[in-house]
Amino acid sequence: MSTDTTPRWDLTPAFPSLESPEFTAEFAAVIEAVAQIKARFEHLGVRRREQPAVDAAFASQADEVIGNWNDLMIRLEIIFPYLHCIISTDARNEAATARLSELETATIELDSLDTRLVAWLGSSDLEALMEHSEIARAHEFWLHRAQVLASHQMTEAEENLASTLRPMGHGAWGKLHGNVTALLTADVELDGQTQTLPMSAIRALASHPDRAVRQRAFEAEIKAWPTVAVPLAAALNGVKGFSREVRVRRGWTSDLEPALLGNSIDAGTLAAMQGACVEAFPDFQRYMKAKARALNVEQLAWYDLIAPVGGEGEKWSWSACEESIETNFARYSDKMAAFARRSFEENWIDAEPRVGKQGGAYCSEFGAGDSRIMMNFDGSFTQVSTLAHELGHGYHNLCLKPRTPLQKQIPMTLAETASIFCETLVFEAAVEHAGKEEKIFLLDNALSRNLQVVVDIHSRFLFESRVFEKRAERELGETEFCDLMSQAQRDTYGDDLSPIHPYMWAVKGHYYGANFYNFPYTFGLLFALGLYARYRENPEEFRAKYDDFLSRSGLGDAATLANDFGFDTTKPDFWRGSLNIIREQIAEFEALVS
Ligand SMILES: [Zn+2]
Numbered sequence: 010m011s012t013d014t015t016p017r018w019d020l021t022p023a024f025p026s027l028e029s030p031e032f033t034a035e036f037a038a039v040i041e042a043v044a045q046i047k048a049r050f051e052h053l054g055v056r057r058r059e060q061p062a063v064d065a066a067f068a069s070q071a072d073e074v075i076g077n078w079n080d081l082m083i084r085l086e087i088i089f090p091y092l093h094c095i096i097s098t099d100a101r102n103e104a105a106t107a108r109l110s111e112l113e114t115a116t117i118e119l120d121s122l123d124t125r126l127v128a129w130l131g132s133s134d135l136e137a138l139m140e141h142s143e144i145a146r147a148h149e150f151w152l153h154r155a156q157v158l159a160s161h162q163m164t165e166a167e168e169n170l171a172s173t174l175r176p177m178g179h180g181a182w183g184k185l186h187g188n189v190t191a192l193l194t195a196d197v198e199l200d201g202q203t204q205t206l207p208m209s210a211i212r213a214l215a216s217h218p219d220r221a222v223r224q225r226a227f228e229a230e231i232k233a234w235p236t237v238a239v240p241l242a243a244a245l246n247g248v249k250g251f252s253r254e255v256r257v258r259r260g261w262t263s264d265l266e267p268a269l270l271g272n273s274i275d276a277g278t279l280a281a282m283q284g285a286c287v288e289a290f291p292d293f294q295r296y297m298k299a300k301a302r303a304l305n306v307e308q309l310a311w312y313d314l315i316a317p318v319g320g321e322g323e324k325w326s327w328s329a330c331e332e333s334i335e336t337n338f339a340r341y342s343d344k345m346a347a348f349a350r351r352s353f354e355e356n357w358i359d360a361e362p363r364v365g366k367q368g369g370a371y372c373s374e375f376g377a378g379d380s381r382i383m384m385n386f387d388g389s390f391t392q393v394s395t396l397a398h399e400l401g402h403g404y405h406n407l408c409l410k411p412r413t414p415l416q417k418q419i420p421m422t423l424a425e426t427a428s429i430f431c432e433t434l435v436f437e438a439a440v441e442h443a444g445k446e447e448k449i450f451l452l453d454n455a456l457s458r459n460l461q462v463v464v465d466i467h468s469r470f471l472f473e474s475r476v477f478e479k480r481a482e483r484e485l486g487e488t489e490f491c492d493l494m495s496q497a498q499r500d501t502y503g504d505d506l507s508p509i510h511p512y513m514w515a516v517k518g519h520y521y522g523a524n525f526y527n528f529p530y531t532f533g534l535l536f537a538l539g540l541y542a543r544y545r546e547n548p549e550e551f552r553a554k555y556d557d558f559l560s561r562s563g564l565g566d567a568a569t570l571a572n573d574f575g576f577d578t579t580k581p582d583f584w585r586g587s588l589n590i591i592r593e594q595i596a597e598f599e600a601l602v603s
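Each residue of the sequence shown is one higher than the one before, counting from 10 in the working numbering.
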């Protein structure tokens, strides 16, 4: 089974090929099913109801609509990933790109049908509906969310207008940010010559081993951003203004509220988590001091944050990578190890880097319970860790197999639980077996990621909150954005980091998309570490509950689901426990580099 050829995946379980009669038939059938569902919505009057009353006849209509909706989503969960998988490994596949674009056009109306479905059921008497319908009872959590969302919808015509204008409003500002930053270049001296490089390549030099190179790249970057700060500030003002206007019209009382609902957490849980994070900032600052010692510098600069320290990092063959994953997953359970083996044997993974293939990594559901993983294996431990991470998503998909599409709308807060858990399994084993230099390298890798997720993401939250506050009154200038960013960085990283990066608001595309996009990652990391701490304390008890927890992750809000596991995420203590794992890593790192 194990081979040293880095594998490509097998997509044929979905369709024999893009040109096959099977694909052509399903493509046409899906488009037909969208038209049918639309006609049925018209016929049954699926839209906000004036009277909430529910009788047996209405309940049976609701059963039919929920059933049809789920059936359509199941079909889309195969055909969309099939096309995305082809395109992400072969950007020049024009046939797949054309098919995807056709499919997107044919299904675009599902957005407004979804809004109507939410309005229709959300404006009904849910208690009566659940009394009449078993299907409704099985979708209780989704229905309760629909009720809240329906109470925050504008009129159907206004919602329609908002979603029609979205690509030209909110979406256009995001696109402008993407285009302006993609075209931005700067000059930097490399190997004795001045080179003009795209911003992404300049930013990638932040992990260069030579400090002088990192510093020159940073200085080139800081000189380049002001040249595009005016259009980017206009874009950021546009996005935040648009969001705020729609938010107010939908009757949300704060800018944060829709993000909390979208992530299935309440304000108290967020405050408890953030409070514990703030308490841990001095510990992260100790890590930064230790890293400065390891790099032999007086004080850490922004361009040192992801600089490599410790050994070169061991090189891995693909077969060693597979073997390590299977062995470490087996330390958790036979089921998890068997899952990994199956993914290797059935060729679920496309790991070979090649021309035309996207960078990065992802895991996509590929028919009920199955997954496909795209990654670019380069023989580094980071890639071993990436595979463990993505297989964690795959394991989560497996646990979700019995759920309907409406039962498995997993919030971002819980979506990373299984992936980070698996990553931690593999990481702990690697650290255990490493020599001193390798250990420093591995710990620093983990800690610089944790610093990003806990400290930097808090700075993004502070920045975004303060921008919204001021944007309520007027537009902000680019100097104000820089000042707010600098303040947020000083409030989180402390005074020992110099220079800082006042233009991060221009760098990060996140600010130009969904609001408060980042804090769910902090939740995800700390929640998974909290679970891991519980696993170490009592593996038997943990194993008995974990799969069930994953399978129910779309059936409740995060605090309630965690409660079933015996965690009170509304109290800082739970979060302190997770942060203690990071504190242990910091202490070990400090000892190793002293
Ligand atoms: Zn992930």
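All C-beta atoms in this analysis are idealised placements derived from N, C-alpha and C, irrespective of residue type, glycine included.
Note to self: Between 47, 236, 308 and 258, which has its C-alpha nearest residue 506's C-alpha?
What the structure shows: Distance check between residue 506 and each of 47, 236, 308 and 258 places 308 closest, using alpha-carbon atoms only.
Next item on the list: Quick one: grab the DSSP three-state call for residue 11.
Entry: Since pLDDT at residue 11 reaches only 45, below the 50 mark, its modelled position is unreliable, and the value read off the structure follows with that caveat. Residue state, collapsed to three classes: coil.
Next item on the list: Measure the alpha-carbon distance for residue 593 versus residue 542 and round it to whole angstroms.
Entry: 12 Å
Next item on the list: Determine the direct distance from the alpha carbon of residue 358 to that of residue 11, and round the result to whole angstroms.
Entry: Here residue 11 scores only 45 on pLDDT, less than 50, and its place in the model is too uncertain to base an answer on.
Checklist line | Which listed residue (178, 120, 219 and 21) has its alpha carbon closest to that of residue 90 | finding: 21
Check: Quick one: is the Cβ of residue 405 within less than 7 Å of any heavy atom of ligand 1?
Finding: Flag unset: Cβ of residue 405 not near ligand 1.
Next item on the list: Would you grab the beta carbon distance between residue 373 and residue 93 for me? Rounded to a whole angstrom, and I think it's under 8 Å.
Entry: 7 Å
Next item on the list: Taking the CB atoms as reference points, tell me whether residue 599 and residue 299 lie closer together than 8 Å.
Entry: yes
Notebook entry, point to check: Between the stretch 254-268 and the stretch 187-196, do three or more beta carbon pairs fall short of 8 Å?
Noted result: no
Notebook entry, point to check: Does the beta-carbon of residue 133 have 16 or more other beta-carbons within 10 angstroms, so that it is buried, or is it exposed?
Noted result: buried
Notebook entry, point to check: Among residues of its own chain, excluding the 5 on either side of residue 159, which ones have a beta-carbon nearer than 6 Å to its beta-carbon?
Noted result: 127, 128, 131 and 132
Margin query: I'd like to confirm something about residue 402: is its beta-carbon nearer than 7 Å to some heavy atom of ligand 1, or not?
Written below: Placement of the Cβ of residue 402 at a distance of less than 7 Å from at least one heavy atom of ligand 1 is found.
Notebook entry, point to check: Looking at residue 519 and ligand 1, is the gap between the Cβ and the nearest heavy atom below 7 Å?
Noted result: No.
Margin query: What would DSSP say about residue 16, mapped onto helix, strand or coil?
Written below: coil
Check: Any idea what DSSP makes of residue 162, helix, strand or coil?
Finding: coil
Check: Does the beta carbon of residue 428 fall short of 7 Å from some heavy atom of ligand 3?
Finding: No copy of ligand 3 appears in this structure; the ligands present are ligand 1.
Check: Is any heavy atom in ligand 1 found nearer than 7 Å to the beta carbon of residue 59?
Finding: no
Margin query: Among the candidates 293, 347, 57 and 190, whose CA atom is the shortest distance from the CA of residue 335?
Written below: 347
Notebook entry, point to check: If you run the structure through DSSP and keep just helix, strand and coil, what is residue 198?
Noted result: strand
Check: Going by the beta-carbon positions, is the gap between residue 286 and residue 463 smaller than 8 Å?
Finding: In contact: residue 286 and residue 463 (Cβ atoms closer than 8 Å).
Note to self: Measuring alpha carbon to alpha carbon, tell me which residue in 491, 430 and 504 is nearest residue 552.
What the structure shows: 430
Checklist line | Counted within 10 angstroms of its Cβ, other Cβ atoms place residue 498 as buried (16 or more) or exposed | finding: buried
Note to self: Using a 10 Å radius around the Cβ and a threshold of 16 neighbouring Cβ atoms, would you call residue 384 buried or exposed?
What the structure shows: buried
Notebook entry, point to check: Going straight from the alpha carbon of residue 62 to that of residue 296, what length do you get?
Noted result: 60 Å
Notebook entry, point to check: Would you call the CB atoms of residue 559 and residue 405 closer than 8 Å?
Noted result: yes
Checklist line | Proximal residues to residue 457 (C-beta, below 7 Å), its chain only, five neighbours per side dropped | finding: Result list for residue 457: 314 and 315, in chain order.
Margin query: Beta-carbon within less than 6 Å of residue 413's beta-carbon, same chain only, minus the 5 sequence neighbours each way: which residues are those?
Written below: 79
Notebook entry, point to check: Between residue 518 and residue 242, which are expected to be in contact by the criterion C-beta below 8 Å, what is the C-beta distance as a whole number of angstroms?
Noted result: Actually they are not in contact, since the Cβ atoms of residue 518 and residue 242 sit about 15 Å apart, beyond 8 Å.
Margin query: Let me make sure I understand the geometry here. Which of 379, 387 and 471 has the alpha-carbon closest to that of residue 410?
Written below: 379
Next item on the list: Taking residue 512 as the reference, give the member of 237, 452 and 202 with the closest Cα.
Entry: The shortest C-alpha separation from residue 512 is found at 237.
Check: Counting pairs of Cβ atoms below 8 Å between the stretch 392-404 and the stretch 431-444, do you hit three or more?
Finding: yes
Checklist line | Enclosing beta strand (DSSP E) for residue 111 [first to last residue] | finding: From DSSP, residue 111 is part of no beta strand (DSSP E) but of the alpha helix (DSSP H) over 103-116.
Note to self: Suppose only complete runs of 4+ residues qualify. What are the alpha helix (DSSP H) ranges in the stretch 523-593, listed by chain order?
What the structure shows: Restricted to the stretch 523-593, the alpha helix (DSSP H) segments that are unbroken, complete and at least 4 residues in length are 528-546, 548-560 and 567-573, listed in chain order.
Notebook entry, point to check: What did DSSP end up calling residue 425 once you bin it into helix, strand or coil?
Noted result: coil
Checklist line | Heavy atom of ligand 1 within 7 Å of residue 41 beta-carbon | finding: no
Check: Nearest to residue 312 by CA position, among 99, 367, 81 and 510, is which residue?
Finding: Of the candidates 99, 367, 81 and 510, the one whose C-alpha sits nearest the C-alpha of residue 312 is 510.
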